[in-house]
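To start, the structure under review is shown below, and the notes come after it.
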Amino acid sequence: MTANDTAVPAAAPTPLTLDRLSELTAKVAEEVRQGLHEIRFDAENRWSVRLHADDCTDVWLISWTPDQSTRLHDHAGSLGALSVVTGELVEHYWGGGLRERTLAEHEGGRFPLGHVHDVINTSDRPAVSVHAYSPPLTAMHYYEVTGDSALRRTGSILTTDPEPDVPVLESVPAAEGAAR
């Protein structure tokens with residue numbers, strides 16, 4: 001270990017820290033601004049492409065047209081970070097209640113284990129962001145805020161895609177023979 005490495009507790013799910021993930025997304029966001037990565041926009045669904053994948057990390061480029069959003073979710077056992085390349089995104093996140101922050105161009109966010117959030121483009125122009133997950137994304141859990149302002153998990157999916165096509169989880173039939 002060198003003096004520049006940050007020690008990670010043995011129980012951490014990855015050798016990468018949130019600081020390193022933030023540095024990585026900021027670096028890749030600058031590459032995108034320099035035109036080194038193609039961007040597409042889709043008014044129907046958020047567009048995404050994986051830019052990098054290895055045993056410790058995956059990095060995604062995601063575009064957002066106005067009003068596109070995720071559902072309230074976490075990244076299961078992965079840490080995460082994002083950097084806004086262009087435009088601005090609003091993050092609604094759980095912190096003892098639903099809170100909000102705006103992430104403008106050149107700004108970013110970090111997602112420790114258990115971070116529950118929803119991201120939306122509330123502006124009238126497209127936005128682009130870079131996301132990194134470590135270990136690479138394998139599952140997402142979805143949530144709702146109940147009438148008594150509590151957080152309730154509504155379902156989970158296995159995925160390697162930060163933009164999965166998520167059905168209405170309550171209406172998904174149980175697999176035949178699955179425990180109920």
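The letter at position 176 of the sequence shown is residue 176 when you use the UniProt record's numbering, and the numbering goes up by one with no holes. Built from N, CA and C at the ideal position, the CB exists for glycine as well.
Please determine, among T154, P162, P112, the residue with the shortest C-alpha to C-alpha distance to L16. Taking L16 as reference, the option from T154, P162, P112 with the minimal CA-CA separation is P112.
Whose C-alpha, out of H106, A43, G108, P13, is nearest the C-alpha of R125? A43
Let me know the secondary structure DSSP gives E107 once reduced to three states. coil
Can you have a look at A104 and say buried or exposed, based on whether 16 or more other CB atoms are within 10 angstroms of its CB? exposed
Which residues DSSP lists as bridging V84, in chain order: S129
Taking contact to mean 3 or more Cβ pairs, one atom from each stretch, closer than 8 Å, check whether the region 130-145 and the region 75-93 are in contact. Yes, since at least three Cβ pairs between the region 130-145 and the region 75-93 fall closer than 8 Å, the two stretches touch.
Between which two residues does the alpha helix (DSSP H) harbouring V145 extend? Per DSSP, V145 belongs to no alpha helix (DSSP H); it is in the beta strand (DSSP E), 139-145.
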